[in-house]
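A short write-up of the structure that comes next.
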Amino acid sequence: MLHFVPTPIGNLEDISLRSLKLLESATVILCEDTRVTKRLFHLLKTKHHFEPQAQKFISLHSHNEQEVLASLSPSFFDQEVLYVSDAGMPAVSDPGCVLVNYCTTHKVEFEVLPGANAALLAYAASGFCDTRFLFFGFLPHKGGDRQNALKEALYSGYVTLLYESPHRIVKLIDQICLLEPQRELFLIKEATKLHETTFKGSASEIQALLKVHNTKGEWVVVCKGEKQQQTMITIDDIMQLDLPKKQAAKLIAKITGKSPKECYNALL
Numbered sequence: 227m228l229h230f231v232p233t234p235i236g237n238l239e240d241i242s243l244r245s246l247k248l249l250e251s252a253t254v255i256l257c258e259d260t261r262v263t264k265r266l267f268h269l270l271k272t273k274h275h276f277e278p279q280a281q282k283f284i285s286l287h288s289h290n291e292q293e294v295l296a297s298l299s300p301s302f303f304d305q306e307v308l309y310v311s312d313a314g315m316p317a318v319s320d321p322g323c324v325l326v327n328y329c330t331t332h333k334v335e336f337e338v339l340p341g342a343n344a345a346l347l348a349y350a351a352s353g354f355c356d357t358r359f360l361f362f363g364f365l366p367h368k369g370g371d372r373q374n375a376l377k378e379a380l381y382s383g384y385v386t387l388l389y390e391s392p393h394r395i396v397k398l399i400d401q402i403c404l405l406e407p408q409r410e411l412f413l414i415k416e417a418t419k420l421h422e423t424t425f426k427g428s429a430s431e432i433q434a435l436l437k438v439h440n441t442k443g444e445w446v447v448v449c450k451g452e453k454q455q456q457t458m459i460t461i462d463d464i465m466q467l468d469l470p471k472k473q474a475a476k477l478i479a480k481i482t483g484k485s486p487k488e489c490y491n492a493l494l
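Residues 227 to 494 in our numbering are what the sequence shown spells out, letter by letter.
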């Protein structure tokens with residue numbers, strides 16, 4: 227049988243007793259990174275007197291999962307097999323979803339254990355009292371895709387959770403400030419670890435704080451939900467503007483979903 231086992235996101239004491247028993251008894255460990263998982267096992271041995279039996283570690287991550295799964299037969303999972311990602315809950319902003327679908331397709335019995343998750347921890351700690359929220363994970367890294375995804379996150383109307391790396395956290399807050407400097411945010415860095423740090427305030431306040439704080443570590447950003455107050459622009463509004471027909475056609479295409487060429491021909 228296959229078990230998906232969440233691992234601590236920082237504090238080793240967050241591993242559950244049930245997870246420890248499975249980690250000890252399993253004969254095969256599928257893992258996002260064998261080096262990270264072996265290091266975790268070594269730390270658990272020291273911390274929890276953890277004594278696993280002889281085990282085989284197999285790398286299974288987002289770049290090779292299709293190839294690895296194609297090489298396996300459903301009978302492979304007749305033994306005790308575990309899947310662990312590097313930290314936290316498998317398949318939540320981590321590999322694992324493709325393996326779940328493999329099991330469903332091939333009728334392989336599996337179970338997902340509950341455990342540590344940085345997004346839920348940050349949501350609970352934010353104090354943004356809303357029973358509905360959205361999880362966006364990591365935004366695209368560059369260009370228009372990032373800007374569009376950020377706008378979608380900010381103006382969804384719901385509390386929205388983002389993951390961000392230490393290399394881009396300042397850029398993210400700067401981008402939020404350009405759109406919504408007064409938007410209330412909650413940030414947590416290095417959740418459950420020794421140097422866990424939290425920030426709460428407007429985007430502009432946090433922007434100033436990050437200039438004097440060490441940003442090293444993994445971040446979760448929680449954005450308080452607000453809907454964008456938009457003024458609707460109609461085709462008549464565009465037609466009344468003194469614009470070249472090509473520019474007017476592009477604007478009309480934006481609000482109608484038609485192609486600029488089609489709009490331009492209609493204007494002619």
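Just so it is clear, CB atoms sit at the ideal spot from N, CA and C, and this is done for glycine as well.
Short Cβ contact (9 Å threshold) for residue i with residue j
i: residue 450; j: residue 390; result: no
i: residue 437; j: residue 392; result: no
i: residue 306; j: residue 245; result: no
i: residue 266; j: residue 300; result: no
i: residue 446; j: residue 350; result: no
i: residue 461; j: residue 429; result: no
i: residue 286; j: residue 329; result: no
i: residue 228; j: residue 406; result: no
i: residue 475; j: residue 465; result: no
i: residue 321; j: residue 288; result: yes
i: residue 401; j: residue 376; result: yes
i: residue 221; j: residue 259; result: Limits of the chain in this structure are 227 at one end and 494 at the other, which puts residue 221 out of reach.
i: residue 243; j: residue 308; result: no
i: residue 444; j: residue 417; result: yes
Chain-order list of residues whose beta-carbon lies under 7 Å from that of residue i (same chain, five-residue window excluded)
i: residue 264; result: 283
i: residue 269; result: 238
i: residue 396; result: 436, 441
i: residue 433; result: 399, 400, 403
i: residue 477; result: 464
i: residue 490; result: 471, 472, 475
As assigned by DSSP and simplified to three states, the class of residue i
i: residue 235; result: coil
i: residue 413; result: strand
i: residue 449; result: strand
i: residue 420; result: coil
i: residue 255; result: strand
i: residue 370; result: helix
i: residue 241; result: coil
i: residue 487; result: helix
i: residue 309; result: strand
i: residue 289; result: coil
i: residue 437; result: coil
i: residue 397; result: helix
i: residue 274; result: helix
i: residue 332; result: coil
i: residue 386; result: strand
i: residue 442; result: coil
i: residue 267; result: helix
i: residue 406; result: coil
i: residue 428; result: strand
i: residue 364; result: strand
i: residue 284; result: strand
Cβ-Cβ separation, residue j to residue i (assumed contact under 8 Å), whole Å
i: residue 387; j: residue 362; result: 7 Å
i: residue 255; j: residue 279; result: About 11 Å; that fails the 8 Å criterion.
i: residue 471; j: residue 494; result: 7 Å
i: residue 324; j: residue 291; result: 5 Å
i: residue 303; j: residue 334; result: 5 Å
Other residues of its chain near residue i: CB distance less than 8 Å, five sequence neighbours each side excluded
i: residue 385; result: 349, 352, 354, 356, 358, 359, 360, 448, 449, 450, 451
Same chain, Cβ closer than 6 Å to residue i, neighbours up to 5 away in sequence not counted
i: residue 273; result: 238
i: residue 371; result: none
i: residue 276; result: 270
Distance cut-off 8 Å: residue i Cβ against heavy atoms of the ligand NAP
i: residue 293; result: Absence of the ligand NAP from the depicted structure is noted, as is the absence of any ligand whatsoever, leaving it without description.
message: For the region 360–368 against the region 413–424, do three or more pairs of beta-carbon atoms, one drawn from each stretch, fall closer than 8 Å, so that the two count as touching?
response: no
Touch test, the region 333–348 against the region 227–243, Cβ-Cβ under 8 Å, three pairs minimum: yes
- prompt: So, do the region 422–429 and the region 478–487 have three or more beta carbon pairs nearer to each other than 8 Å?
  reply: no
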